[in-house]
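Working notes for the structure below.
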Amino acid sequence: MQARALKNFFLDDYTLIVINDAQSDDMRAVIAAAAESVGAEAISTPDYLDHSDPSSVVGKIVTWTMQEVALQRFNDSVVMLLEGDIFPVARFSPLDFLEGYSIAGTQQGRRHHSTGFLLRYLWVGILLVDLKGLPNKHLLNMETAVVGDVGGDTASAMHHFFAASPDVNVRRVLHTSHVHTENGNLNVLPAAARERYEDAFRIELFERSFLHYGSASNWKVGRGFEYFNSAEDFLPAKTAFVVWFVESALNSSLEMPAYDYVFEMGSWDNPTGPPPPVDTSSSGGLKSEL
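Right, here's the structure in full:
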């Protein structure tokens, strides 16, 4: 379904590559066959990656993909990383979106509570990079990192890339976060979709053009969401909703509304608000850590 949505909605020519990180030989074969059936190339990741920590292994897989696939084969091209549960639902041109920028993604920011140090990076679920002329490509590391006593999740190590590349133009991929009553953003859904939607689904939308299924596994159990702590299994209903949504977009019976909602209204330079005042009276000043 993702391949059909890409073919239908993308306005630019592209080469589709599936990164196959299945842990068993049988599942790798299934994914490879599925990729071949839609004309995509399947490239298997090394079999030594530890899958016990989801955030860590995603970072390792995406880093390997960028360094060993993208930079080796498409070093002068625009590449777009897209997770398998993100589906185009409206027309989109990656080349037009990236015009005038070197990289685009959903910003992430973590600020130290006392020093004000800002750990800044981009989420890798939907990431566009113009590799031609990009500096410091060796720092395209999407693993987890702790910098300045601030820890982040997948791709937080990209802070080092941005710190070393201050002249790189970054475009924020705007998003809704979870579509949920508490976020006051149910209006981002088409009317027909709102009638079918349940808060527990917690899908996300990006740039009015992509639907993110999100949280398809059970690794977030215990975080207090209906989706993860209910006796009811929401996955079948959520999957049915997402399939209906994408198929309806494909057959033109569902169109994205021109909503005006952005989660986190900050900017790339100031994603989390101004830093708190810092008391340097006893420390003799602050040390810059990058």
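One rule links them: number in this note's numbering = place in the sequence shown (from 1) + 53.
Backbone N, C-alpha and C define an ideal beta-carbon position, used for all residues, glycine too.
Computed from a prediction, not measured in an experiment: that's the story for all the values here.
inquiry  = Can you tell me whether T104 is helix, strand or coil according to DSSP?
reply    = It should be pointed out that residue 104 corresponds to His in this sequence rather than to Thr. It is coil, neither helix nor strand.
task = Could you check what DSSP says for P141 in three-state terms: helix, strand or coil?
result = strand
key: Proximity winner among A87, G204 and L64, relative to V71 (alpha-carbon distances)   = Comparing Cα-Cα distances from V71 to each of A87, G204 and L64, the minimum goes to A87.
task = Would you mind stating whether P147 and D66 have Cβ atoms separated by less than 7 Å?
result = The answer is no: Cβ separation not under 7 Å.
message = Judging by CA-CA distance, which residue of F127, V91 and I139 is the nearest neighbour of Y266?
response = Ranked by Cα distance from Y266, the first of F127, V91 and I139 is I139.
task = Identify the continuous beta strand (DSSP E) that holds M22 and give its terminal residues.
result = This structure cannot speak to residue 22, because the chain is shown only from 54 to 343.
ask   = Which residues in the same chain as P99 place their Cβ atom closer than 8 Å to its Cβ, once the five residues preceding and following it in sequence are excluded?
value = W117
query = Given a threshold of 16 other Cβ atoms within 10 Å of its Cβ, counted over all protein chains shown, does R255 qualify as buried or as exposed?
reply = buried
query = Smallest Cα separation from P289: which of E257, E251, R126 and Q120?
reply = The shortest C-alpha separation from P289 is found at E251.
task = Kindly indicate the opening and closing residues of the beta strand (DSSP E) around Q55.
result = Segment Q55 to F62 is the alpha helix (DSSP H) holding Q55; no beta strand (DSSP E) there.
query = Can you name, in chain order, every residue of its own chain whose Cβ lies under 7 Å from the Cβ of V315, other than the five neighbours on each side?
reply = So the list reads L227, once near-sequence residues are dropped.
Spatial distance of V182 from V295 (CA atoms) = Taking the straight line from one Cα to the other gives about 27 Å.
Buried/exposed call for K291, threshold 16 Cβ in 10 Å = buried
inquiry  = Using a 10 Å radius around the Cβ and a threshold of 16 neighbouring Cβ atoms, would you call K10 buried or exposed?
reply    = Nothing about residue 10 can be reported from this structure: the residues present for the chain run from 54 to 343 only.
query = Between the region 224-239 and the region 151-159, do at least 3 Cβ pairs fall closer than 8 Å?
reply = yes
query = From E308 to A143, what distance separates their C-alpha atoms?
reply = 7 Å
At least 3 beta-carbon pairs within less than 8 Å: the region 107-126 vs the region 207-214 = yes
query = Count the other CB atoms within 10 Å of the CB of V203; is the residue buried (16 or more) or exposed (fewer)?
reply = buried
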